[in-house]
Amino acid sequence: MDVSKVYQYAVKPVPSMPRALIGPGAAELAGAEAAGMGLKHVLFVTSGLRGTGIIDEMKSIFEKAGVAVSIYDKVESNPKDYNCMDAYKMYIDDKCDGFVSIGGGSSHDATKGARVVATHDGRNINEFEGWNKSDRPNRPPHIAINTTVGTGSETTAAYVITDTSSPKAPFKWVAVDFPSMATLAINDPALFTTLPPEYIAFTGFDTIAHASECYTSNLDHPLANPIALQAVKLASENLREAYANPKNYDAMMNMIWAEYTAAYAFMSGFLGIIHSLSHAVCAYYDIHHGLNNAIGIARVWEFNLPSSPRKFADLARAMGEDTTGLSNVQAADKAIDAAIRLARDVRIPENFSSVKPYPKSRIGTGWYSNRPKEIRSDEPEIEKLALHLLNDVCTPFNPRIVTMEDARQILRDCIYAPMGRNAHVTTHERVNGKREAAAAKATR
Ligand SMILES: [Fe+2]
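Quick note: to get the numbering used here, add 507 to the position in the sequence shown (first position is 1).
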């Protein structure tokens with residue numbers, strides 16, 4: 508029986524999650540946990556978290572538990588294929604027996620990549636793009652110590668790597684590979700207090716994108732949906748306070764729960780074209796994943812809204828909007844307004860053309876040194892971004908079918924238009940520098 512001809516995506520995935528320790532003091536248990544797993548020498552995989560003291564502190568915690576530590580601290584934002592291969596090489600050279608990722612999604616994803624490579628005798632990481640491409644189920648143990656409110660990677664089976672070396676490069680690909688889940692996930696709010704506010708804003712919007720995309724996806728199901736809505740509510744209620752004061756314990760702890768639970772929901776319902784768009788822009792410009800999501804979210808919600816006004820009305824209510832007496836269509840519009848207001852409150856740039864290199868950004872460095880320093884895509888570049896978007900693994904789960912012209916228009920709006928409903932730019936307006944016309948349209 509070919510059910511695919513009757514029901515699209517009939518089989519719903521119900522994911523498992525690794526064991527987790529969540530709450531203040533959880534990170535201090537990590538060394539004893541590693542020793543309890545029988546580990547003798549672990550490899551820390553991290554961006555370095557320089558200026559926070561976290562890596563030195565964690566090294567001391569592991570060594571006190573009798574576990575030696577080597578450190579690979581060169582993970583880049585949007586982790587590159589060479590980050591996975593270099594971490595794998597250090598793991599082999601130093602005769603390690605387990606991995607510890609410390610940081611955000613980039614560190615966890617690079618670690619998952621290095622573990623897959625280690626299990627497959629050093630094969631190139633770019634061979635593992637897609638769904639369950641590994642053919643060996645075992646992985647070295649992995650403790651994922653999370654420090655951002657947006658990734659979910661510490662507890663999911665997914666990881667995302669930027670291919671800089673194959674003929675497809677630049678290409679940011681997704682792997683969903685169930686043996687790649689970490690052995691233990693740790694979220695300790697004590698490690699989040701040094702997060703720069705802009706990172707809290709970016710990663711907070713990553714969480715809202717995770718939760719809202721799976722809630723509206725065509726894979727949604729009754730187990731994941733309430734969790735997704737709860738994550739949208741928690742993040743919407745707490746992001747402003749966490750952004751303004753990262754030492755606000757209640758706000759940060761609620762953001763951590765939003766991040767963690769959204770990850771469960773999106774491993775069920777998967778994602779949509781907010782993430783497809785983000786992966787495309789990351790591949791070409793190497794800017795922050797969460798920032799891309801924050802810029803894309805209102806535009807993609809507006810595009811997707813006709814697919815299910817009821818679901819977007821639910822998102823509006825989860826974001827605290829009063830929808831009393833409104834139809835679903837009227838209420839759904841309020842979700843877009845709420846997303847724009849939240850983005851502006853946490854200083855998200857209006858569009859990609861107003862993104863400036865942000866602190867610690869690697870834009871224009873390393874492999875990307877020959878790329879433009881600012882995003883001002885011409886039409887041939889938009890064509891490449893649109894193709895990347897359409898071919899992304901998340902695109903089939905988007906609730907509305909996306910054409911090439913749809914993708915081009917969403918990208919043009921994200922690059923040039925202000926963040927208002929119906930603030931679309933035409934090629935004519937863009938070419939003639941008439942973005943004011945779009946701005947005026949947005950305020951009418
Ligand atoms: Fe994400």
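In this text, a Cβ means the ideal position worked out from N, Cα and C, and glycines have one as well.
Nothing here was measured: the structure is a model prediction, and the numbers come from that model.
Query raised in the report: Can we count Asn800 as close to ligand 1, meaning its CB is less than 7 Å from some heavy atom?
Result: yes
Report task. Pick out the complete beta strand (DSSP E) segments inside the stretch 559-611, 3 residues or longer, and give them in chain order. Result -> 575-579, 605-610
Query raised in the report: What is the DSSP secondary structure of Arg643, reduced to helix, strand or coil?
Result: coil
**Report entry** Ala749: CB within 7 Å of a non-hydrogen atom of ligand 1
**Finding:** no
Report task. With DSSP as the reference, label Gly776 as helix, strand or coil. Result -> helix
Query - Per DSSP, cross-strand counterpart(s) of Tyr666 - result: Checking the DSSP bridge columns, you'll see Tyr666 partnered with Ala682.
Report task. Classify Glu955 as buried or exposed, calling it buried when 16 or more other Cβ atoms lie within 10 Å of its own Cβ. Result -> With the chain represented from 508 up to 951, any question about residue 955 goes unanswered, as that position is not in the structure.
Query raised in the report: What residues in its chain sit with their C-beta under 7 Å from that of Val836, if we drop five residues either side in the sequence?
Result: Pro816
Query raised in the report: How long is the line joining the alpha carbons of Ala621 and Asn633, rounded to whole angstroms?
Result: 11 Å
Query raised in the report: Shortest alpha-carbon distance to Trp764 belongs to which of Asp695, Arg630, Pro525?
Result: Asp695
Query raised in the report: If we ignore side chains and look at the alpha-carbon of each, how far apart do Leu691 and Arg928 end up?
Result: About 42 Å.
Query raised in the report: Are the stretch 775-792 and the stretch 890-907 touching, with three or more C-beta to C-beta distances below 8 Å?
Result: yes
Query raised in the report: By a C-beta neighbour count over all protein chains shown, 10 Å radius and 16 as the cutoff for buried, is Asp588 buried or exposed?
Result: Burial call: buried.
**Report entry** Residue ranges of each beta strand (DSSP E) within the stretch 686-730, 3 or longer
**Finding:** 691-694
Report task. Label Val574 either buried or exposed according to how many other C-beta atoms from any shown protein chain fall within 10 Å of its C-beta, with 16 as the threshold for buried. Result -> buried
**Report entry** Secondary structure of His548, DSSP reduced to three states
**Finding:** strand
Report task. Report all residues from its chain with a CB closer than 7 Å to the CB of Val624; omit the five preceding and five following residues, and keep chain order. Result -> Around Val624: Cys591, Met592, Tyr595, Arg630, Ile632.
Query raised in the report: When you compare only the Cα positions, how much space is there between Ala731 and Ala823?
Result: Taking the Cα positions, Ala731 is about 18 Å away from Ala823.
Report task. Spatial neighbours of Ile889 within its chain, please: CB distance less than 7 Å, with the 5 preceding and 5 following residues excluded, ordered by chain position. Result -> Arg915, Leu918, Arg919
Query - Cβ shell of Ile529 (< 6 Å), same chain only, five flanking positions each side left out - result: Asn694
Requested in this report: Please find out if some non-hydrogen atom of ligand 1 comes closer than 7 Å to the beta-carbon of His717.
Outcome: yes
Query raised in the report: What separation, rounded to the nearest whole angstrom, lies between the Cα atoms of Ser868 and Ile707?
Result: At Ser868, the pLDDT of 47 sits below 50, so the modelled position is not reliable; the number obtained from the coordinates is stated separately. Distance between the alpha carbons of Ser868 and Ile707: 15 Å.
Query - Segment contact flag, the stretch 543-556 with the stretch 566-582, C-beta cutoff 8 Å, min 3 pairs - result: The stretch 543-556, when compared against the stretch 566-582, does touch it at the 8 Å Cβ threshold.
Requested in this report: Could I get the ranges of all uninterrupted alpha helix (DSSP H) runs contained in the stretch 737-814, with 4 residues as the minimum, in chain order?
Outcome: 756-776, 780-792, 796-811
**Report entry** 8 Å Cβ cutoff met for Asp642 and Ala664
**Finding:** no
Query raised in the report: From Glu720 to Lys571, what distance separates their C-alpha atoms?
Result: 42 Å
Query - Reference Arg883, options Ser860, Asn898, Ala742, closest by Cα - result: Ser860
Query raised in the report: With respect to 7 Å, is the separation between the Cβ of Asp616 and the closest non-hydrogen atom of ligand 1 below this value?
Result: The answer is no for Asp616.
Query raised in the report: When the distance is taken between beta carbons, is Asp604 closer than 8 Å to Lys547?
Result: Cβ distance < 8 Å, so Lys547 and Asp604 count as in contact.
Query raised in the report: Looking at Asp713 and ligand 2, is the gap between the Cβ and the nearest heavy atom below 7 Å?
Result: Ligand 2 is absent from the structure shown, which contains only ligand 1.
Query raised in the report: Is it true that the CB of Gly612 sits closer than 8 Å to the CB of Thr654?
Result: Using a Cβ distance threshold of 8 Å, Thr654 and Gly612 do not count as a contacting pair.
Query raised in the report: To which residues does DSSP link Leu528 through a beta bridge?
Result: Ile693
Query raised in the report: By DSSP, does Ile870 sit in helix, in strand, or in coil?
Result: Low per-residue confidence applies at Ile870: pLDDT is 49, beneath 50, and the placement is therefore not dependable, though the value from the model is reported in the following sentence. Coil.
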